[in-house]
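Here our numbering runs 2 ahead of the position in the sequence shown, where the first position is 1.
Here a beta-carbon is modelled for each residue, glycine too, at the ideal position from N, C-alpha and C.
Bear in mind the structure is a predicted one, so any value in this text is a computation, not a measurement.
First up is the structure itself, then whatever we jot down about it.
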Amino acid sequence: MAFANATFITSAPALVDCPPAGLPEICFAGRSNVGKSTLINAITNRRKLARTSNTPGKTQQMNYYEIVHGAHEPFYLIDLPGFGFAKVPAAERKRWGRDIREYLLKRETLRLIIHLVDSRHPPTALDEEFFYWMATNERPFAVCCTKMDKLSANQSAKATREVEKVLEDMNIDVPVLGVSSDHKIGLDDLESLILEFVTDP
Numbered sequence: 003m004a005f006a007n008a009t010f011i012t013s014a015p016a017l018v019d020c021p022p023a024g025l026p027e028i029c030f031a032g033r034s035n036v037g038k039s040t041l042i043n044a045i046t047n048r049r050k051l052a053r054t055s056n057t058p059g060k061t062q063q064m065n066y067y068e069i070v071h072g073a074h075e076p077f078y079l080i081d082l083p084g085f086g087f088a089k090v091p092a093a094e095r096k097r098w099g100r101d102i103r104e105y106l107l108k109r110e111t112l113r114l115i116i117h118l119v120d121s122r123h124p125p126t127a128l129d130e131e132f133f134y135w136m137a138t139n140e141r142p143f144a145v146c147c148t149k150m151d152k153l154s155a156n157q158s159a160k161a162t163r164e165v166e167k168v169l170e171d172m173n174i175d176v177p178v179l180g181v182s183s184d185h186k187i188g189l190d191d192l193e194s195l196i197l198e199f200v201t202d203p
């Protein structure tokens, strides 16, 4: 069920640079190098749609991709700059953080934030802070545990439960999915979740 009809639209440094509000939007957030761009490539079945890099902080703007999928209304997938940017001046990190928060709070067509965490490690303090921030600001979000192919079945289940427990302790009830871009694990569930949020009731 890949979103194969995908087109890069623009890179937006800030909210004012985003395309005119209209189409539903789903954004991917998370720490640098957690696999946001790779996951977008996986669910669109396009190896080079979103630029990937082994260097954290490569994505420095909000990258927009338009998806046309069957009879559904077109929608955007947005690849956000990662947290924990490496080799970037503090002033630049602060500006990115401000621009991203403004987008997440004020973009009226944003339907869902998909927050990625690396399944091989427990959620970091930054992850937990972002969970809390999204919940207190009543932002709709889901959590994707990435790189599940690096773990055994038991380890994968444990990693997912660990994220669920962190969210439960924060009194947050959101979907938690396990995915692997390389092995196509959990992608159908993720695509179904996205369609659920971009489809008008």
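Which of the three DSSP states is assigned to Arg113 in this structure? Strand, per DSSP.
Taking the straight line between their C-alpha atoms, what separation do you get for Leu41 and His123? 18 Å
In its own chain, which residues sit with a C-beta less than 7 Å from the C-beta of Met136, not counting the 5 before and 5 after it? Ile115 and Phe143
Consult DSSP for Ala31 and reduce its assignment to one of helix, strand or coil. strand
Give the straight-line distance between the Cα atoms of Asp190 and Phe30, rounded to the nearest whole angstrom. 16 Å
If contacts are defined as beta-carbon pairs under 8 Å, then Ala73 and Asn65 qualify, I think. What distance do you get, rounded to the angstrom? Not a contact, Cβ separation roughly 26 Å.
Residue from Thr9, Arg33, His185 and Pro21 with nearest C-alpha to Gly99: Arg33
Val165 (DSSP reduced to helix, strand or coil): helix
Let me know the secondary structure DSSP gives Phe133 once reduced to three states. The answer is helix: DSSP assigns Phe133 an H, G or I state.
May I ask you to report which of helix, strand or coil DSSP gives Asp171? helix
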